[in-house]
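These protein sequences, in sequence, are chains G and U. Taking the numbering used here, I'd label the letters of the first sequence as residues 1 to 424. Taking the numbering used here, I'd label the letters of the second sequence as residues 1 to 178. Cβ atoms here follow ideal geometry from the backbone N, Cα and C, with glycine treated the same way. Single-structure report; data block below.
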Amino acid sequence: MNTSHSFDGQFEFKGRAKTWSLIMILVGVVGLLAGFLTGNGERTFADLLLNGYYISCVCICGIFFCAVQYVAQAGWSTAVLRVPQAFAKVLPYAGLILLAIIVAGLFLTHQGPNEEGKITELPYLYKLWALKGVTLKGNENYDAIITAKSGYLNKTFFLTRLVIYLGSYALIGRMLVKYSQNEDDLGGMFNYNKSFKMSVLFLLIFGFTVPLFAFDTIMSLEAHWFSTMFGWYNFAALWVSGLSVITLSLILLRKAGYMQWVTDDHLHNLGQLMFGFSVFWTYLWFAQFLLTWYANIPEESAYFYRRWEPQFKPWFWLNIVINFLAPLLTLMSRDSKRKVAVLQVACVILICGHWLDYWQMIMPGTIGVSGGTEWYNILSPIDIAVFVGFAGLFVLMFGTALSKFKSLIPKKHPLLEESLHHHI
Amino acid sequence: MSTTKYILGLFADPDELMHGIDTLQKNSVPIYDVYTPMPIHGIEKKLGIKDSRLGYAAFMFGCLGGTTIFSMAYFMLVQDWPMNIGGKPAFAVPDFVPITFEWTVLFTAFGMVLTFFYATHLFPGRTPRVMELRATDDRFVIAIDAKGNIPHEDITNLLKESGAVEVKHNDRKYVSYE
Numbered sequence: 001m002n003t004s005h006s007f008d009g010q011f012e013f014k015g016r017a018k019t020w021s022l023i024m025i026l027v028g029v030v031g032l033l034a035g036f037l038t039g040n041g042e043r044t045f046a047d048l049l050l051n052g053y054y055i056s057c058v059c060i061c062g063i064f065f066c067a068v069q070y071v072a073q074a075g076w077s078t079a080v081l082r083v084p085q086a087f088a089k090v091l092p093y094a095g096l097i098l099l100a101i102i103v104a105g106l107f108l109t110h111q112g113p114n115e116e117g118k119i120t121e122l123p124y125l126y127k128l129w130a131l132k133g134v135t136l137k138g139n140e141n142y143d144a145i146i147t148a149k150s151g152y153l154n155k156t157f158f159l160t161r162l163v164i165y166l167g168s169y170a171l172i173g174r175m176l177v178k179y180s181q182n183e184d185d186l187g188g189m190f191n192y193n194k195s196f197k198m199s200v201l202f203l204l205i206f207g208f209t210v211p212l213f214a215f216d217t218i219m220s221l222e223a224h225w226f227s228t229m230f231g232w233y234n235f236a237a238l239w240v241s242g243l244s245v246i247t248l249s250l251i252l253l254r255k256a257g258y259m260q261w262v263t264d265d266h267l268h269n270l271g272q273l274m275f276g277f278s279v280f281w282t283y284l285w286f287a288q289f290l291l292t293w294y295a296n297i298p299e300e301s302a303y304f305y306r307r308w309e310p311q312f313k314p315w316f317w318l319n320i321v322i323n324f325l326a327p328l329l330t331l332m333s334r335d336s337k338r339k340v341a342v343l344q345v346a347c348v349i350l351i352c353g354h355w356l357d358y359w360q361m362i363m364p365g366t367i368g369v370s371g372g373t374e375w376y377n378i379l380s381p382i383d384i385a386v387f388v389g390f391a392g393l394f395v396l397m398f399g400t401a402l403s404k405f406k407s408l409i410p411k412k413h414p415l416l417e418e419s420l421h422h423h424i
Numbered sequence: 001m002s003t004t005k006y007i008l009g010l011f012a013d014p015d016e017l018m019h020g021i022d023t024l025q026k027n028s029v030p031i032y033d034v035y036t037p038m039p040i041h042g043i044e045k046k047l048g049i050k051d052s053r054l055g056y057a058a059f060m061f062g063c064l065g066g067t068t069i070f071s072m073a074y075f076m077l078v079q080d081w082p083m084n085i086g087g088k089p090a091f092a093v094p095d096f097v098p099i100t101f102e103w104t105v106l107f108t109a110f111g112m113v114l115t116f117f118y119a120t121h122l123f124p125g126r127t128p129r130v131m132e133l134r135a136t137d138d139r140f141v142i143a144i145d146a147k148g149n150i151p152h153e154d155i156t157n158l159l160k161e162s163g164a165v166e167v168k169h170n171d172r173k174y175v176s177y178e
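Have a look at this one:
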């Protein structure tokens, strides 16, 4: 086995990768302009929220991945650790983008029907609880259920919470990256031990706040409804989609001639995680569905009722096929996880699949059935253009962050040798 | 004619064992089997052992378990004695999913254990067949079928040269029939 790699090579973000990311961003900008200029403001804001949430979740997943590896004192992952660390470096920007989208969506308004069908001033996002007068008795927008929840669900506390979640994740992510870079210069166990403690702290904070993060950002779009499974269901989506982006990045970097120390064994491990947590995602999806279906309480069933409208139903089922059956069948056998071409296809399927997953969490509660007459036109080209744009934005930010690392591997990590000789 | 059935080379270290395998293969001496007290990475590939087919058995047992309970639930709750539970239809597929999942896992787990016992002759109550007891403790053992592999002296020398701490010429295959 050849282990005499040079660890000093830096990633250069240029050429086709950079050009393509800029073209993709251009597609996204065109999509946004088309959305706002054709009077689809609400849909465009829903798309912005979807993709802002998606890239933030992928970045958070990078920190979560690093933290799990440190807490488990895992050796195998050392060779791939720079990629999730680069995600962690992107989180401050992704988080700011998400916050900007949410602030704009809360405070910009347009004319539209409220819950009673009366035309009124609605905010672009969170129209159910953020519209004016929703808590004032006698107001035309008054809503008793929202009023009862308004101690938690009000603009000030909502934005404070989001800043706390994203701020604490980004801060800890930054510390983990800093420790790892210090370790490159100094060596020894000092920084590793500090990373371990910081990772424990992160997992503690993350475990308690990530369901709330999903409740606030996504579930409050349909604030009359609630599900205690929703937080973990979103966490599973975050973890699977993040792992897919990590794996795809590694495959593409390896093809471009970087990180030659990443072997099929490392990719096999990541493939196993993708496979296993796709099943975990399905488990949580089904746990939420079965209990709602079985109890059949109107206020709970409302969520699935909206997703079973004829426009959304085909997408609802496609979501299960693409996020459960596809990874189950493509990644089950050992050989398929070790064939880079198969793994790459599975990554792309899961990345698009979880976009669709988020899409059908968000769209029925925002634009609803008024967004299209048939299942094939409820998903508009604007949605896809914005997704492409944000993918390009993510590639640009990730590539720039990765190119700032002096070395593409934590070269003085205490478990480096174990990772280079990883064999399963 | 010698009564030796098997020649065993005992090594104290896994690296020396791997070296011993290399030496024997270079000299075209067929290896019957290798016994080690712990798993050694890469040894299957070196010995040319085929991938385990346990996964296929597991898959088949899983399919069997899922089909069994799904048909059973269908017969009981739809065919034989349909009941009105919460106004749901008799053939309520979401209700069948948890038990189908459980039986799939159960059959897979038991099926794999049984397959493993069958393939390795490890039935409860049966004395395990061991060629060298210290292979379960601190020795890494290469076994060579003595029949046809002559001269035995040369094999002994090859094993000794490549670092074997002891070479045994056994008249019986197993030391633990009783």
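Distance check for residue j and residue i, CA to CA, integer angstroms please.
i        : j        : result
U:Phe61  : G:Ala79  : 37 Å
G:Tyr294 : G:Trp315 : 22 Å
G:Gly187 : G:Lys412 : 5 Å
G:Leu98  : G:Leu122 : 20 Å
U:Phe70  : U:Asp80  : 14 Å
G:Asn114 : G:Phe107 : 16 Å
U:Phe101 : U:Asp95  : 11 Å
G:Tyr376 : G:Ser333 : 34 Å
G:Pro211 : U:Ala119 : 47 Å
U:Asp137 : U:Lys160 : 21 Å
G:Ile218 : G:Met361 : 7 Å
G:Leu328 : G:Leu248 : 18 Å
G:Met229 : G:Ala236 : 11 Å
U:Tyr6   : U:His169 : 6 Å
G:Met1   : U:Thr23  : Because the pLDDT at G:Met1 is just 46, under 50, the model does not fix this residue reliably, and the value given afterwards should be weighed accordingly. In a straight line, the C-alpha of G:Met1 is about 20 Å away from that of U:Thr23.
G:Gln111 : G:Leu33  : 19 Å
G:Ile172 : G:Phe202 : 7 Å
G:Ser244 : U:Thr4   : 57 Å
G:Leu42  : G:Thr120 : Sequence check: residue 42 of chain G is Glu here, not Leu. The straight-line gap from Cα to Cα measures roughly 14 Å.
G:Ile23  : G:Leu48  : 18 Å
G:Ile102 : G:Arg161 : 12 Å
G:Phe289 : U:Val97  : 12 Å
G:Trp239 : G:Phe277 : 7 Å
U:Pro14  : U:Met38  : 9 Å
Taking all protein chains shown into account, decide if residue i is buried (16 or more other Cβ within 10 angstroms of its Cβ) or exposed.
i        : result
G:Ile63  : buried
U:Cys63  : exposed
G:Val177 : buried
G:Ser370 : exposed
U:Gly48  : exposed
U:Pro82  : exposed
G:Ile367 : buried
G:Leu136 : exposed
G:Gly35  : buried
G:Thr44  : buried
U:Ile85  : exposed
Report back the beta-carbon spacing between residue i and residue j to the nearest angstrom; my notes put them in contact at under 8 Å.
i        : j        : result
G:Gln85  : G:Ser77  : Contact flag wrong, Cβ pair sits at about 11 Å.
G:Thr292 : G:Glu299 : Not a contact, Cβ separation roughly 10 Å.
G:Met446 : G:Leu408 : Coverage of chain G is limited to positions 1 through 424, which leaves residue 446 of chain G absent and any answer about it impossible.
U:Ala57  : U:Met112 : 7 Å
G:His268 : G:Ile424 : 6 Å
G:Ala104 : G:Ile55  : Rounded, the Cβ-Cβ distance is 17 Å, inconsistent with contact.
G:Trp129 : G:Ser220 : 6 Å
G:Ala214 : G:Gly242 : Between G:Gly242 and G:Ala214 the Cβ distance is about 14 Å, and since that is not below 8 Å, they are no contact.
G:Leu396 : G:Ser168 : About 25 Å; that fails the 8 Å criterion.
When the distance is taken between beta carbons, is residue j closer than 8 Å to residue i?
i        : j        : result
U:Arg129 : U:Ser176 : yes
U:Val165 : U:Phe59  : no
G:Leu356 : G:Ile320 : no
G:Ala346 : G:Leu325 : no
U:Gly42  : U:Ser162 : no
G:Ser199 : G:Cys352 : no
G:Arg306 : G:Pro381 : no
U:Pro141 : U:Glu153 : Sequence inspection shows Val at residue 141 of chain U; the Pro mentioned does not correspond to that position. Cβ distance not < 8 Å, so U:Val141 and U:Glu153 don't count as in contact.
U:Trp103 : U:Gly66  : yes
Does the Cβ of residue i lie closer than 7 Å to at least one heavy atom of the ligand COA?
i        : result
G:Asn139 : Summarising the ligand content, the structure contains no ligands, and the ligand COA is consequently not present.
Task: Entirely enclosed beta strand (DSSP E) segments - the segment 10-63 of chain U, minimum 3 residues - done: Runs of the beta strand (DSSP E) lying entirely within the segment 10-63 of chain U, each at least 3 residues long, are 33-35 in chain order.
Task: alpha helix (DSSP H) runs wholly inside the segment 380-415 of chain G, at least 4 long, in chain order - done: 381-403
- [ ] Would you list, in sequence order, the uninterrupted beta strand (DSSP E) runs of no fewer than 3 residues that lie entirely inside the segment 36-117 of chain G?
- [x] 109-113
Open item on the list: In chain order, what are the residue ranges of uninterrupted alpha helix (DSSP H) at least 4 long that sit wholly in the segment 142-185 of chain G?
Closed with: 144-149
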